[in-house]
Amino acid sequence: MNHRISALSMAILAGLFATGSAMAQDATTAPSANDAGTTAPAGQSNPQNAANLSGITVTGIRASLQKSLDLKRNADSIVDAISAEDVGKFPDTNVAESLSHLPGLSVDRNFGEGDKVSILGTDPALNRLLLNGQTVASTNWTSDPNNPDSRSFNYSLLASEIIGNAQVYKTPQANIDEGSIGGTVIVNTRRPLDLPANTLTGSVSYGYNDRADKGKPNASLLYSWKNKESTFGVIGSLMHSDRIIDRQGTEIFGYQRVNDPTDTNPDHQFNPAVVPPDAKGVYPTAINTAWFQQRRTRDGVSTGLQWKPNDAFELNFTGLYVTEKFNNFNQSHYGEWSGSAANATALGFNNGVATSGSYNANTSTYLDGYERDSTVNTGVANLRADWFGDGWTASSQIGYTGSTGGSDGIWNTQFQGFGGFDWNLKGQHPQINYNNADNPTAMLLHGAGYSYAPSYDRERYFQADFSHDVSWGPLNQIEVGIKATNHIDGQDAYAARLPSQDGSGLSLSDFSHGGTPSGYLDGLSPAGNMGDWTTIDPGLMKAYIQQLKNGTVSLDPKATYSVVEQNRAFYIQGDFAGDDYRGNLGVRYFRTRDTVDGYNAIGGDNYGPVNKRSAYHDWLPSFNIAYDATDSLTLRFAAAKAVARPRYQQMTPYVALDDRTLTGSRGNTDLGPYKSTNYDASAEWYFSENSVLAAEVFFRRISGYILNTNVAETHYNLTNLRDDVYQMQVPINAGVAKVKGASISYQQNFRYGFGLLANYTYSDADTSNDFPLPYNSKNSFNLSPFYEQGPWSARLTYSWRSSYFTSIAQLQSQQITGIFRQLDASVGYQINDHIRVSLDATNLLDETYFVYNNTPAQPLNAYKNGRTYTVTMGFKL
3 MNHRISALSM
13 AILAGLFATG
23 SAMAQDATTA
33 PSANDAGTTA
43 PAGQSNPQNA
53 ANLSGITVTG
63 IRASLQKSLD
73 LKRNADSIVD
83 AISAEDVGKF
93 PDTNVAESLS
103 HLPGLSVDRN
113 FGEGDKVSIL
123 GTDPALNRLL
133 LNGQTVASTN
143 WTSDPNNPDS
153 RSFNYSLLAS
163 EIIGNAQVYK
173 TPQANIDEGS
183 IGGTVIVNTR
193 RPLDLPANTL
203 TGSVSYGYND
213 RADKGKPNAS
223 LLYSWKNKES
233 TFGVIGSLMH
243 SDRIIDRQGT
253 EIFGYQRVND
263 PTDTNPDHQF
273 NPAVVPPDAK
283 GVYPTAINTA
293 WFQQRRTRDG
303 VSTGLQWKPN
313 DAFELNFTGL
323 YVTEKFNNFN
333 QSHYGEWSGS
343 AANATALGFN
353 NGVATSGSYN
363 ANTSTYLDGY
373 ERDSTVNTGV
383 ANLRADWFGD
393 GWTASSQIGY
403 TGSTGGSDGI
413 WNTQFQGFGG
423 FDWNLKGQHP
433 QINYNNADNP
443 TAMLLHGAGY
453 SYAPSYDRER
463 YFQADFSHDV
473 SWGPLNQIEV
483 GIKATNHIDG
493 QDAYAARLPS
503 QDGSGLSLSD
513 FSHGGTPSGY
523 LDGLSPAGNM
533 GDWTTIDPGL
543 MKAYIQQLKN
553 GTVSLDPKAT
563 YSVVEQNRAF
573 YIQGDFAGDD
583 YRGNLGVRYF
593 RTRDTVDGYN
603 AIGGDNYGPV
613 NKRSAYHDWL
623 PSFNIAYDAT
633 DSLTLRFAAA
643 KAVARPRYQQ
653 MTPYVALDDR
663 TLTGSRGNTD
673 LGPYKSTNYD
683 ASAEWYFSEN
693 SVLAAEVFFR
703 RISGYILNTN
713 VAETHYNLTN
723 LRDDVYQMQV
733 PINAGVAKVK
743 GASISYQQNF
753 RYGFGLLANY
763 TYSDADTSND
773 FPLPYNSKNS
783 FNLSPFYEQG
793 PWSARLTYSW
803 RSSYFTSIAQ
813 LQSQQITGIF
823 RQLDASVGYQ
833 INDHIRVSLD
843 ATNLLDETYF
853 VYNNTPAQPL
863 NAYKNGRTYT
873 VTMGFKL
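3 is the number of the first residue of the sequence shown in my numbering; add one for each residue after it.
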């Protein structure tokens, strides 16, 4: 199967170039359509510097790039943008993927699609995404304390049809909500009065993943209506998305030292004949093959009402509701020897790292199965009123956003066998060979568990803004505004206390679902029999646990918490302009109060309530200026203070433990906010139509940045019913980091329908400790040649980002995500004025997502998600 699909990938690439050559002689123009306008920050209801897109009537790749360029060129601040067509024309799965094509932005693709966006080398959680200028509540299907959605946005919520544009403000303005250090992304939805009456657009598609060897249909629909007077309009959209994820990989749970004088655990002491007492180095604790299967479904509805009875008043209502299901099943088959040092019969070292080993028949082999069901519901309701007078505007907004998510249920089992194995590390691909062939009757049921943890995130807000035209020298407008938000984020966790399954008489054969599929671990260099094992039937597993858990479920205090956050802010901003310059100068003041509730351990399995209150405030000045040195050259400079807040879960006493690997994570109620001083400068040369060569330099001095450290802590082990020492990930305010860097971007149309986009970003960071700044890739670039002429269009997109540090791991080592590259392709054909078809291919290289410890010679995780091919038919009436 793998060879066949690789051939298909090559055929698509060849077809793209053949399409460009064959169609270069066709000079037919693309069909036309209207686009939506732009929603400005805060009180700028009708700003002079916003690009008015509603009059543009051309479509296609070139038109979308021109609209994005207009937004960038006319902005007061350093801004990059994508238009609605960008989201649809790139072979992207969501807005995050489209944003990754902009200079200074990079994404993380752990599950095969972009879900974390880093701007100018900062942690994804430090970059906010706002929908029409407002927060969207966000919960996740995991309980990961490092989930950036807890302060940001689920990038996959929006159908491309409802997006007017997305603007990335890399420099703060006083009239934009605080909370971002790298940048703020504002996604503006379409408005009905900006579109022709009875606009109907939509798409149907089918996406196929070659690793899962499965596909699912997707569909979206948008309808917009307005009356003849263009005073009242309604817009609505429906979306359905269905995606299969089949992530296969290898994992190492961590590394330990041989002959560690601080480790008195007798289970960690090797036979001197195998490891001499004076030997030094580290060894992996287990080698695992992991198979993660998930079906992600998403159904959403959005609506917008716009009423503009006259030129003096406008009322807008925006509503959004999305329900998502993230049910998944994860199986892990591994040899585990961290507590079986005496069973080692051989251990080979290379440069201080154990790269091979053999363990006797007394050493355990495990198979874990986790079935997780999760439903995430997200809603938004926003009402905005605008008044326009003679030289003044006023606006007010009131709204609510809420989300529920977490886990509806987690069912897990563990099977244990014996027999011994040999293992070795082969670069990114560790290998293990079991002495005994796969025998499900020899894998005995060892443990079972059940838990669930519903989470919630809600915000209510009110905002009022006022602007007035003035003639005070270069100052032409004064803006003032206030904003109040009340936010609550939390989780209620429950767990069952199930009896030990040792001696139950059950084995893997009672839960068998057959063997691993053909091609399992393709591309990950499996050796021996590491990829051949009997899998678990999740239905049989759930049915067995359901009968065990009755009457045993109770509150899990250590994973239960809530955060109540009140924020009040006001700003004043002056906008100025002259014959060849424009900009703004302002200050924003905010005050934040947090109340955290949770539980702390008070001995054994007993917990007591914790209540922590904190407050902080600050003044955030900002200055942005753009200078048109010539008709084609614009120079910019910006300086500002910025602030970002910790993830909600990080601020709590939340504790998550893995009783098998003795690892875990917890929060820190003493965390404070990040504070940053930012400087940016850029030069933009618009040397030709729809073309630009731009360079940007930036500097960030970030104090109080948060670093996940690794500490050894004693916690109660519910599986073994005793206190155990766990290796815990704990966030701290780590000190000061300085980020300095530069980016260069290039965009140009060539003859015969060809064009090119390219950008490169360099970001270097120094910190006040021995560890790098989390999530900062020193180098990243994107290259995207395209072709569009007549009915044909085609595009290649290649993205590359260098390795980056994420957290401190066991033994105070650095956990690093390795270099990642991705190649995507798209080819489309406009059948007529109303119908367009396209074929998109993502991750054509089937790139490995690789995580390692200090150096690639100490691999941790290596995952492959497969290639995805999508055929789409879009229509517009």
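Ideal Cβ positions, reconstructed from N, Cα and C, are used throughout, including at glycine.
- In the three-state reduction of the DSSP assignment, Val97 falls in the helix class.
- For the set Ala214, Arg64, Thr124, Arg593, the Cα lying nearest the Cα of Asp768 is the one of Thr124.
- Contact check for Asn177 against Gln575 passes: the beta carbons are separated by less than 7 Å.
- In the DSSP secondary-structure assignment, Pro733 is bridged to Asn710.
- One Cα belongs to Arg638, the other to Val119, and the distance between them is close to 24 Å.
- Burial check for Gln812: the Cβ neighbour count within 10 Å reaches 16 or more, so the residue is buried.
- For the stretch 593 to 656, the full-length beta strand (DSSP E) segments reaching 3 residues or more read 608 to 630, 635 to 646 along the chain.
- With distances taken between CA atoms, Thr320 lies nearest to Leu385 out of Leu385, Asp607, Ser358.
- Looking only at Lys878, Ala343, Gly541, the smallest Cα-Cα distance to Asp269 is reached by Ala343.
- Three or more beta-carbon pairs separated by less than 8 Å link the stretch 699 to 716 to the stretch 680 to 691, which places the two stretches in contact.
- If you draw a 10 Å sphere on the C-beta of Asp582, you find fewer than 16 other C-beta atoms in it, and that means exposed.
- Its chain contains Gln433 as the residues whose beta carbon lies nearer than 6 Å to that of Ala529, once the 5 sequence neighbours on both sides are disregarded; these appear in chain order.
- DSSP places Ala83 in the uninterrupted beta strand (DSSP E) bounded by 81 to 85.
- Gly533 sits in coil when the DSSP states are folded into three classes, being neither helix nor strand.
- Under the criterion of beta carbons closer than 8 Å, Thr291 and Gly533 qualify as touching, at roughly 6 Å.
- By alpha-carbon distance to Val277, the top candidate from Leu107, Gln175, Val355 is Val355.
- Across the structure, Val738 and Pro648 are spaced so that their CA atoms are roughly 16 Å apart.
- Going by beta carbons, Ala744 and Leu785 fall outside the 7 Å limit.
- Nearest in C-alpha terms to Ser79, of all of Phe113, Tyr171, Val97, His103, is Tyr171.
- The way I'd put it, the stretch 543 to 553 doesn't touch the stretch 593 to 602; fewer than three beta-carbon pairs between them come closer than 8 Å.
- Here Arg838 is near Gln832, since their CB atoms are less than 7 Å apart.
- In this chain, Ser70 is not harboured by any beta strand (DSSP E); it is covered by the alpha helix (DSSP H) spanning 63 to 76.
- Beta-bridge partners of Val741 (DSSP): Arg702, Ala767.
- Burial state of His619 is exposed, judged by a 10 Å Cβ sphere holding fewer than 16 other Cβ atoms.
- Taking the CA atoms as reference points, Thr325 sits about 10 Å from Met241.
- One thing to note: Tyr676 has its Cβ within 7 Å of the Cβ of Tyr707.
- Across the structure, Tyr650 and Thr403 are spaced so that their CA atoms are roughly 16 Å apart.
- In summary, Thr554 is exposed, with fewer than 16 beta-carbon neighbours lying within 10 Å of its beta-carbon over all protein chains present.
- Contact between the stretch 660 to 669 and the stretch 724 to 731 is present: three or more C-beta pairs spanning the two stretches fall below 8 Å.
- In the three-state reduction of the DSSP assignment, Ala843 falls in the strand class, which pools E and B.
- Counting other Cβ atoms within 10 Å of its Cβ, Arg615 stays below 16 and is therefore classed as exposed.
- Just so you know, the alpha carbons of Gly359 and Ile121 end up roughly 42 Å apart.
- Excluding the 5 residues flanking it on each side, Gly419 has same chain C-beta neighbours closer than 6 Å at Thr367, Ala444, Met445, in chain order.
- The three-state secondary structure of Leu447, taken from DSSP, is strand.
- When rounded, the separation of the alpha-carbon atoms in Ile538 and Gly449 is 14 Å.
- Note on geometry: alpha-carbon atoms of Ala466 and Asp599 lie some 31 Å from one another.
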